[in-house]
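Inspection log for the structure reproduced underneath, given as structure tokens.
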Amino acid sequence: RDKDFQSDMVEQFIQCIGLFPTGTLVELTTGEVGIVISQNRVRRLRPRVMMVLDKDKIAYDFNPVIDLIEESDEKEGDEKIEILHPLATGSYGIDISDYYL
């Protein structure tokens, strides 16, 4: 941003295609690991994520789904849950084909 391309142009590009396609394995700022299951049309950087591992990297018995756009509206500062970074396929032994998307 603001090096090769204008910041607002980069933001528009991200909003058009998103950075985290459905099926992407991601780590959240909470340390939890999840799989992107759908996009938010309004804010593509805040998709819906099915949680797979808790912060201690232990598998959930029941996979909760969180909507990051709702999380960002409800919480502030350090409490806000965001995607920290995408993970490589197979990270933590997770095979996304084991999960119904």
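Here the sequence shown stands for residues 207 to 307, where the numbers follow this note's numbering. Backbone N, C-alpha and C define an ideal beta-carbon position, used for all residues, glycine too. These numbers come from a predicted model, not from an experiment.
| Check | Outcome |
| --- | --- |
| Identify which residue in 295, 210, 232 and 227 has its Cα closest to the Cα of residue 260. | 232 |
| Between residue 275 and the rest of its own chain, which residues show a CB-CB distance below 8 angstroms, the 5 nearest in sequence each way excluded? | 246, 248, 249 and 252 |
| Inspect the beta-carbon positions of residue 257 and residue 240 and report whether they are closer than 8 angstroms. | yes |
| At the level of alpha carbons, what is the spacing between residue 293 and residue 301? | 12 angstroms |
| Residue 244 lies in the beta strand (DSSP E); which residues open and close that run? | 239 to 244 |
| How many angstroms separate the CA atom of residue 262 from the CA atom of residue 269? | 15 angstroms |
| Helix, strand or coil: which one does DSSP assign to residue 214? | helix |
| Can you tell me whether residue 226 is buried or exposed? The criterion is at least 16 other CB atoms within 10 Å of its CB, across all chains shown. | buried |
| Pick from 211, 298 and 213: whose alpha carbon is nearest that of residue 264? | 298 |
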